[in-house]
Structure formats: structure tokens, C-alpha cells
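Number of protein chains: 2
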Amino acid sequence: MSEQSIDTRLWSAKACNLSPYVPGEQPQHDNLCKLNTNENPFPPSPKVSEAIHAALAHQADELRLYPAPESDDLRQALADLHQLECNQVFVGNGSDEVLALVFASFFMKPLPLLAPDISYSFYPVYAQTFGVNLLPVALKEDFSIDPADYQQQCGGIIIANPNAPTGLLLSLTDIRQLAQAHPDAVVVIDEAYIDFARADEASIDKEVSAVSLINEFDNILVTQTFSKSRSLAGLRVGMAFANASLIEALTRMKNSFNSYPLDKLAQVGATASVLDRPYFEHICQQVIDLRQVLTSELTALGYQVLPSHTNFIFARPKDGNASTVASTLREQGIIVRHFKQPRIQEYLRITVGTSDQNKRLTDALKAL
Amino acid sequence: MSEQSIDTRLWSAKACNLSPYVPGEQPQHDNLCKLNTNENPFPPSPKVSEAIHAALAHQADELRLYPAPESDDLRQALADLHQLECNQVFVGNGSDEVLALVFASFFMKPLPLLAPDISYSFYPVYAQTFGVNLLPVALKEDFSIDPADYQQQCGGIIIANPNAPTGLLLSLTDIRQLAQAHPDAVVVIDEAYIDFARADEASIDKEVSAVSLINEFDNILVTQTFSKSRSLAGLRVGMAFANASLIEALTRMKNSFNSYPLDKLAQVGATASVLDRPYFEHICQQVIDLRQVLTSELTALGYQVLPSHTNFIFARPKDGNASTVASTLREQGIIVRHFKQPRIQEYLRITVGTSDQNKRLTDALKAL
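Respectively, the protein sequence lines represent chains A and B. Going by the working numbering, the first residue of the first sequence is number 1, and it counts up by one from there. Going by the working numbering, the first residue of the second sequence is number 1001, and it counts up by one from there.
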């Protein structure tokens, strides 16, 4: 709807003042090489569709009934996976919904929320939606996060780790330091891409996920998603891990918005995905391997590639003409993401695809 | 989690002050006669599971991709059904999510929101969630709604029609009058149960749904759900119909919370349901027929039964001992809903079940 024709007379001030999130486009053409929204190039575990087929075959009639409001089976599977109690696990309709509830539950406070200035672009949108004062903290020159920059009074902290769109990883040592420095604020670690991260050999941390810290820190909350490493963006499932008191707040907030955010089939499918651990490990490793190859090839083409811990790479063409490169690729049906934003406008965010997709991309770049 | 053990130290004031909605319980025992959450006693259209099976069989791999964020095919099917434009249709994760977005988009205003004092118990929860001042307007002695009682300045009006838990229907003449009297407020008609309503012979309105008014009134917004008449509570799909400017506000609000609330399978299944009109008409009529029989039988047992336009009946036992009746039925595995609330505590809300379920209920009541 064009801005001119919108009649906002009946809208709330809240609605009038929104600047909604703009997701990466989902074009539907054939033969598109879609490397713009960080979807997994591999299909989900075959157990997912098997489980949904079976549920439909045996219990299609039960779609008439409401689903389990707290998705108990799925939460139990996730708790078992991480050796947690069920009351330390929350699930929602994608990690975006989980993050919305997190903002309402923990960040609507008088003190500002701290977040990196370059990060997931939905954070400032949530801040506006919930009237949260978000204070951006500048990344270092090399795009890394320095915990020392967060040594200020705040009502909360949110950090994507690995960060997007940079792909860089913050160590658990740094996350501990943040949690210790802010005992009265919730430190949210958004681990949408964590399953593609591996500890550096030089790191003293063997573990990379902050889920390993939640029994130690009552103020760390970790969000994750089924949309990336589990190839289930189409099923809309996300989750949070934290101590039971934080999970209780999220549950109450959910039940004040929408009691049943996960349908029966999504619950069944997501549970089957969690239970198929070998498949999960296998495709994560495949994506990591493809990432290494793509990184080498782009480096050979003169691209400056940040060390990625995700299923995308963040890379700067030799001349910094990222916008032109993106447009030229698009003409050939290859879609990558470019952010018209200070500091990163010379970079492209490119999803790691299949070997064929990556070859199509690098062939096109060579021809440029 | 027991109230004593909850540590709310890190919660926002918003989270601390919530009184979340409590959905009707979903017990999982066998041989239960579940007449407490107004689910449809009949299964969804067989086309729903056929369509989902087919989508999984041919495109299971595509679950790795995000769904269409605005559910275009489903919205088009709903637009065609009601002879509307696609931009007059909004869909969300159940009508509960749609209602949450409605509260944020249209009711967060300085003037109070008017709603019947006895109605869907989620409304006061949303009001609290979004800081909306809800001013309850008392139903008449006979539980009917009188538009004259809404002749006061307000920021919005929300009315469930048919109302829950009373089951009574407000005429379109009355709804027109409300919309005309409040040109600067959005009048929301929550039609969760409208497909079970039929115009009274005495009524001058042939139509019962306010969807027929939205081209005439720019301030009427109608919500509906797939959970009742379409037997798809397990799939989580709800919708709103209104002029394009109101739909645009909802869309922006959605994209400031969660961009993709409907997963791919829910979109496919719901679309198949809309396209199977004969099945839909058939089961709605079956429920209406069963409702008539159940009403007669309860009346014969001395119950005072309100004239229901829904898939439940609201009935008062001869002695007004509704709470005792509910407990006794529960001991026999028959679950009905009782509200411990002034004015209606002597009533039971009983979902219309299958003939077998209704017989089990009436047999049990006879034995009391």
C-alpha cells in the first residue's frame, strides 16, 4: 500500500510510529539461486516429514482439538538434548516471536538496553514496539565485540552470537564477564547460528553455546531457532533456555498474547528433528565444510572475508562496490543480501549454499 | 511453578503485573467426554490432510525455506470466499494472535475501550498487556447487549458476536448503529462462532456476519477463526476482515512482532479448508442440528438454556448449582466449563458434542 493512500485516522499512536522489520525477500521464480535469507541448503531430517505424515494418518481428526499449549513433548526433547529441566526451556513461533516476548518480559525497564550497533535488524524494531530505549554500542573497527564497551548501567543486554551479519563469535569467557558485570540485568544471547560455530583451537573455551552457562548464571537467557541448522524455517519454531524463573516470565507473557503459538504439526515435526541427532550433526558439518571452500574461493577472488561461524559469510569485494555486485548478481538470478547501512555498505552477506549454488555464485563473480 | 519459588527480580514491571489468560484445560486421558473448549465434534475436511500430505510428499525439502510472510494464497482464498480484495484480509496464528495485534493497533488510545462485562475472558488480559483502559459495559438482565449502553465517548469497542459464554447474537442493525455512533473508533466484532449462527426469522437482517458491512464502514473490523467451525484448532489460524487501511496497520504491527506467524503446512491446510465449501456447510449444519436436540433435552431436564447461536450452550441447572454439577460430571470423565464469576456462576458452558457425547452428558445429568 503506497504511503499516500493510507488512512491512519483510526490507528493507535503505536501503530502510526512503527518502522516494521523488513525480512529478506522470498521471490518465487524458478532457477533462482537464493543466498539472501540464510536458509539451510540441505533439507530437514527425513524423520520430520515421516512424523508429520504419521500424525496426519493416525490423528488427522485431532486437528480439531487445540494443541498442547506449552508444547510439552518438544520442550522435553530439548531439555533432554541439553541436559536441562523442562522448566528451563521455552518454545515459540520462531525465535522472532520468542525475542518479542523476551523484550516485553525483560527489557521494558527504565534503564537502556545495550546491543551492538551492527546486529540483527529486528532488535531496534522490537525496541520501538515495546518502548524500550535501545542504546547501540559500536563494534570495534574489526567488527568484534569488546565486553569492556558494555561496562555501563543498563536494563539489559542483547547480543547475537555469532553476530549477524558479521558472522563473528564471542567467547564464553567474554559472555561470563558480561553476566558477572550486570547481575541485575538479563543478558540475552541470540544463538540463531550457534550450531555452525566451532571453538577456535586457540580458545580456552571448548564449548561455544551459552546454554552451558545457564545453570551458573540466573541472568543469562539463550535463544535459538529451528530455521537455520535444523532446516525448518518453514515450520516456525524457536526456543529459549534459561533458569526457571526467567522461563516463567516468558510463559506468562506468551499467555498474555497468544496461548497456543505452535500448531500440532509443528510440535510433532520439531520434536522429530531434535531426536534425529546424527542427521543434524551431519548437515551442520557439511555446511561448515562448504563454508570453508566458499571462503577460500572468495578470498582467491580478492574478497576480504570475515572469519564466519555461521551458515553465511560476510565479505567485502576488492573495490568495496558491494551494491553494484549485488545488483549484477541479481540480474543473473543470484540473490545475496546487501545492507545500505554505515560501516557495512561495502560488504555482502552471502548464505552458504549447496556446492552447485556456491559454484554458480563464484563463476558469476569471476566473470564480473 | 508455585508463587513462592518465583524470583521476579529480573522481570520487567509489565511481566510482574500480568494476569495471563487461562485456557480451558486440555486433559489427555482416554474416554474423556471433552465439552469444555468449544472444539468442533467433527473432524476437519479430509482435503486438509490430503493437501498437507501432498505438500510434504512433493516439497518436504522446502520446509527449509521461510513461508510466505503474508500467507498470500490463504488470504486470496478467504478474499474470494467473501468477495473482498486481498488487502482487506489479514491472517495470524489463531484469532488470539490477531486480537492481540488488534489491541495494539487500534485500542492503545487515551479514551477507554468498551466491551461487555461478560464476554471472552482474554479481552481484559490483552487490555492489561497493552495498557488499554477497558471499561466493562454491563449486559442486560437477560444477558443481551443493548447498543444504547455504548453511547459514550470511547477509543474503541470490542464485542464477541455471538457472545461467549452466553451464545447470544447481536443483529447487524445493532452493529451498524454502533459503527455509526463511533466514527472515530474501531468497532471490532469477534466472530469466532458466527458460522453456527443463523438469522432469526423475525429479524430484518438476512445476513448475520459483519463481514458484509466492511465495504460500508471504514471502522468495522471482523475477526474469525479456523478453530471452531473449520475444526482446525490444532492448526492455529485466525483472520481479520476490514478496509485496507486497518489491515495495513495490522500487517505493520505483525511485522514489528513476528514476520512469519503461519508455517507452510498451516497455510496449505487452511487454504484447503476454505476451498472445501460443501464440507464446511455440512458440518456447520450438523452442529446446529445437534445443538437443537441438546437444547431440547436440557430444557426437558429443567435447565434454563439461552438461545444459542454457537457450538456451545449456556445453561442454568434448575437449582443453580452449576459448580456442583460440573464437579460431579468431571468425576465421570465429562468436562464442561464453569466460570466462577458474578452473574454467571449458576451457569455451565457446554460444548455441543457428537450425538454419543451429548447422550453421555444427558444420561449423566438424568442420573444426578
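Where a beta carbon is used, it is the ideal one built from N, C-alpha and C, also for glycine. What you are looking at is a predicted structure, and each value in this text was computed from that prediction instead of being measured.
Check: Is it true that the CB of B/GLY1353 sits closer than 8 angstroms to the CB of B/ARG1236?
Finding: Counting from one through the second sequence, the residue named residue 1236 of chain B turns up at place 236. Counting from one through the second sequence, the residue named residue 1353 of chain B turns up at place 353. Result no, Cβ atoms of B/ARG1236 and B/GLY1353 do not sit closer than 8 angstroms.
Notebook entry, point to check: In chain A, which residues lie with their C-beta within 8 angstroms of the C-beta of B/ASN1219?
Noted result: For the purposes of this step, residue 1219 of chain B is taken as residue 219 along the second sequence, with counting starting at 1. Neighbours of B/ASN1219 on chain A, chain order: LEU10.
Check: Where does A/ILE118 land, buried or exposed, given buried means 16+ other C-beta within 10 angstroms?
Finding: As a working note, residue 118 of chain A is residue 118 in the first sequence. Buried, because 16 or more other Cβ atoms sit within 10 Å of the Cβ of A/ILE118.
Next item on the list: Kindly list, in the order they appear in chain B, the residues whose Cβ is closer than 9 angstroms to that of A/MET108.
Entry: One-based indexing of the first sequence puts residue 108 of chain A at position 108. What A/MET108 touches in chain B: SER1012, ALA1013, LYS1014 and ALA1015.
Checklist line | Inter-residue Cα distance where the pair is B/PHE1226 and B/ASP1073 | finding: Locating residue 1226 of chain B in the second sequence gives position 226, where the first residue counts as 1. Locating residue 1073 of chain B in the second sequence gives position 73, where the first residue counts as 1. Going by the C-alpha atoms only, they are around 16 angstroms apart.
Check: Can you tell me the Cα-Cα spacing of A/LEU111 and A/SER259, whole angstroms?
Finding: Taking the first sequence and counting its residues from 1, one reaches residue 111 of chain A at position 111. Taking the first sequence and counting its residues from 1, one reaches residue 259 of chain A at position 259. The alpha-carbon atoms of A/LEU111 and A/SER259 are separated by roughly 29 angstroms.
Margin query: Between B/GLN1076 and chain A, is any beta-carbon pair separated by less than 8 angstroms?
Written below: As a position in the second sequence, residue 1076 of chain B is number 76, starting the count at 1. Chain A contact via Cβ: absent.
Note to self: Check whether the stretch 323-341 of chain A and the stretch 1022-1033 of chain B touch, using three or more Cβ-Cβ pairs below 8 angstroms as the test.
What the structure shows: no
Next item on the list: Kindly list, in the order they appear in chain A, the residues whose Cβ is closer than 7 angstroms to that of B/VAL1125.
Entry: By 1-based counting over the second sequence, the position of residue 1125 of chain B is 125. Those within 7 angstroms of B/VAL1125 in chain A are SER256.
Notebook entry, point to check: Going straight from the alpha carbon of A/TYR279 to that of A/PRO67, what length do you get?
Noted result: The sequence position of residue 279 of chain A within the first sequence is 279, counting from 1. The sequence position of residue 67 of chain A within the first sequence is 67, counting from 1. Straight-line Cα distance between these residues: approximately 27 angstroms.
Next item on the list: Determine contact between the stretch 1242-1251 of chain B and the stretch 1271-1289 of chain B, defined as no fewer than three beta-carbon pairs at a distance below 8 angstroms.
Entry: no
Check: Looking at the structure shown, is A/LYS14 part of a helix, part of a strand, or coil, going by DSSP?
Finding: For the purposes of this step, residue 14 of chain A is taken as the residue at position 14 of the first sequence. Three-state DSSP puts A/LYS14 in a helix.
Next item on the list: Put A/ILE220 into one of helix, strand or coil per three-state DSSP.
Entry: Here residue 220 of chain A refers to the residue found at position 220 of the first sequence. In this structure, A/ILE220 counts as strand in the three-state DSSP scheme.
Checklist line | Per-residue contacts from A/GLY320 into chain B (C-beta, under 7 angstroms) | finding: Counted from its first residue, the first sequence places residue 320 of chain A at position 320. Residues of chain B passing the Cβ test: none, with the nearest at roughly 30 angstroms.
Margin query: Taking 8 angstroms as the threshold (beta carbon to beta carbon), is B/MET1239 in contact with chain A?
Written below: Against the second sequence, residue 1239 of chain B aligns to sequence position 239. So no, B/MET1239 is outside the interface.
Margin query: Does A/ILE108 come out as helix, strand or coil in the three-state DSSP assignment?
Written below: Translated into the one-based positions of the first sequence, residue 108 of chain A becomes position 108. For the record, residue 108 of chain A in the displayed sequence is Met; it is not Ile. In the structure shown, A/MET108 sits in coil (DSSP, three-state: anything other than H, G, I, E or B).
Next item on the list: Verify the CB distance criterion: does B/GLN1094 have a CB-CB separation below 8 angstroms to chain A?
Entry: Start at 1 with the first residue of the second sequence, and residue 1094 of chain B comes out as number 94. Inspection of the sequence shows that residue 1094 of chain B is occupied by Gly rather than by Gln. Answer yes: the Cβ-Cβ gap between B/GLY1094 and chain A drops below 8 angstroms somewhere.
Margin query: Pull the bridge partners of B/ARG1009 from the DSSP assignment, please.
Written below: Here residue 1009 of chain B refers to the residue found at position 9 when the second sequence is read from its first residue. None, per the DSSP bridge assignment.
Next item on the list: Output, in chain order, the set of chain C residues within a Cβ distance shorter than 7 angstroms of B/HIS1053.
Entry: Within the model displayed, chain C is absent; protein chains A and B are what it includes.
Check: If you run the structure through DSSP and keep just helix, strand and coil, what is A/CYS284?
Finding: If you number the first sequence from 1, residue 284 of chain A lands on position 284. It is helical.
Checklist line | Minimum length 3: unbroken beta strand (DSSP E) runs contained in the stretch 1214-1274 of chain B | finding: 1220-1225 and 1238-1241
Notebook entry, point to check: Is DSSP giving A/ALA179 helix, strand or coil here?
Noted result: Along the first sequence, read from residue 1 onward, the residue named residue 179 of chain A stands at position 179. Looking at A/ALA179 - three-state DSSP - the assignment turns out to be helix.
Note to self: What would DSSP say about A/ALA160, mapped onto helix, strand or coil?
What the structure shows: In the first sequence, counting from the first residue as 1, residue 160 of chain A sits at position 160. Note: A/ALA160 maps to strand in three-state DSSP.
Next item on the list: Put B/ILE1194 into one of helix, strand or coil per three-state DSSP.
Entry: Indexing the second sequence from 1 puts residue 1194 of chain B at position 194. Three-state result, B/ILE1194: helix.
Next item on the list: Measure how close the beta-carbons of A/ARG230 and A/PRO44 come, nearest whole angstrom, since I'm counting them as under 8 angstroms.
Entry: Taking the first sequence and counting its residues from 1, the one referred to as residue 230 of chain A is at position 230. Taking the first sequence and counting its residues from 1, the one referred to as residue 44 of chain A is at position 44. Rounded, the Cβ-Cβ distance is 6 angstroms, consistent with contact.
Note to self: Less than 8 angstroms between the beta carbons of A/GLU346 and A/ALA322, yes or no?
What the structure shows: The residue labelled residue 346 of chain A in the question sits at position 346 within the first sequence. The residue labelled residue 322 of chain A in the question sits at position 322 within the first sequence. Yes, the pair counts as a contact, with Cβ atoms nearer than the cut-off.
Margin query: Check whether chain A comes within 8 angstroms of B/PRO1165, counting only Cβ atoms and requiring the distance to be less than that.
Written below: Locating residue 1165 of chain B in the second sequence gives position 165, where the first residue counts as 1. For B/PRO1165, the answer is no, since every Cβ of chain A falls outside 8 angstroms of its Cβ.
Notebook entry, point to check: Who are the near neighbours of B/ALA1181 in its chain, counting only those whose CB is closer than 8 angstroms to its CB and skipping five residues on each side?
Noted result: Residue numbering aside, residue 1181 of chain B sits at position 181 when the second sequence is read from its first letter. Excluding sequence neighbours, B/ALA1181 sits near PRO1147, TYR1150 and GLN1151.
Margin query: If you reduce the DSSP assignment to three classes, tell me which class B/GLY1024 lands in.
Written below: Your numbering for residue 1024 of chain B matches position 24 in the second sequence. Coil, per DSSP.
Margin query: Suppose contacts are defined by Cβ-Cβ distances below 8 angstroms. Is B/PRO1165 in contact with B/ARG1349 by that definition?
Written below: Locating residue 1165 of chain B in the second sequence gives position 165, counting from the first residue. Locating residue 1349 of chain B in the second sequence gives position 349, counting from the first residue. Yes, the Cβ-Cβ distance between B/PRO1165 and B/ARG1349 is below 8 angstroms.
Notebook entry, point to check: If you measure from the beta carbon of B/VAL1048 to each beta carbon in chain A, is any gap under 8 angstroms?
Noted result: Translated into the one-based positions of the second sequence, residue 1048 of chain B becomes position 48. Chain A, which has a Cβ nearer than 8 angstroms to the Cβ of B/VAL1048, makes this yes.
Next item on the list: Can you pull the chain A residues whose beta carbon is under 9 angstroms from the beta carbon of B/SER1412, in chain order?
Entry: No answer is possible for residue 1412 of chain B: the residues shown for chain B start at 1001 and end at 1368.
Next item on the list: Starting from A/PHE312, follow the alpha helix (DSSP H) in both directions and report where the run begins and ends.
Entry: Taking the first sequence and counting its residues from 1, one reaches residue 312 of chain A at position 312. Run containing A/PHE312: none in the alpha helix (DSSP H); it sits in the beta strand (DSSP E), 312-316.
Next item on the list: Using a Cβ-Cβ cut-off of 8 angstroms, state whether B/SER1231 counts as contacting chain A.
Entry: Taking the first residue of the second sequence as 1, we reach residue 1231 of chain B at position 231. So yes, B/SER1231 belongs to the interface.
Checklist line | Counted within 10 angstroms of its Cβ, other Cβ atoms place A/PRO309 as buried (16 or more) or exposed | finding: Here residue 309 of chain A refers to the residue found at position 309 when the first sequence is read from its first residue. Checking the sequence, you will find His at residue 309 of chain A rather than Pro. Buried, by the Cβ-count rule.
Check: Which partner residues does A/GLY92 have in the DSSP bridge list?
Finding: The count along the first sequence starts at 1 and reaches residue 92 of chain A at position 92. Partner(s): A/GLY238.
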